[in-house]
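Sequential numbering from 25 applies to the sequence shown in our numbering. Glycine residues also receive a C-beta, built at the ideal position from the N, C-alpha and C atoms. Everything on this sheet refers to the single structure shown next.
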Amino acid sequence: MFILETLNFVVDILKVPSVLVGLIALIGLVAQKKAFSDVVKGTIKTILGFIVLGGGATVLVGSLNPLGGMFEHAFNIQGIIPNNEAIVSIALEKYGASTALIMAF
Numbered sequence: 025m026f027i028l029e030t031l032n033f034v035v036d037i038l039k040v041p042s043v044l045v046g047l048i049a050l051i052g053l054v055a056q057k058k059a060f061s062d063v064v065k066g067t068i069k070t071i072l073g074f075i076v077l078g079g080g081a082t083v084l085v086g087s088l089n090p091l092g093g094m095f096e097h098a099f100n101i102q103g104i105i106p107n108n109e110a111i112v113s114i115a116l117e118k119y120g121a122s123t124a125l126i127m128a129f
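Here is the structure:
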């Protein structure tokens, strides 16, 4: 039972995309035999950069939503603004655990 709980804990951590990318950066920095301080700095910068990138994408998508309403009203057309974030979210929800396990092992 302990092994299953530990595996679930690891999978839950690896489901978070920023942590997974940070782990990949950590492995790369260790493989390059960088100093410990450089490894820590590089890993933290990667995780925070990924989080900031995601936040910026969310702000951008949020600012484009009113534009769709303006186009519908001005040109009497109906459409959508494609959003990759929704597709990625659905894919992560459905395949996140499997992907994390594949990338981890």
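Whole-Å CB distance - residue i paired with residue j, under 8 Å assumed
i	j	result
T70	V45	6 Å
V43	I37	6 Å
G92	G103	7 Å
Buried/exposed call for residue i, threshold 16 Cβ in 10 Å
i	result
T67	buried
L88	exposed
L53	buried
A49	buried
L72	exposed
Through-space distance from residue j to residue i, alpha-carbon basis
i	j	result
F60	F74	21 Å
I114	K58	37 Å
Proximal residues to residue i (C-beta, below 7 Å), its chain only, five neighbours per side dropped
i	result
D62	L53
S122	none
Reference residue i, options the options, closest by Cα
i	options	result
L182	F95, K65, P41 and I111	For residue 182 there is no data in the structure shown, the boundaries of the chain being 25 and 129.
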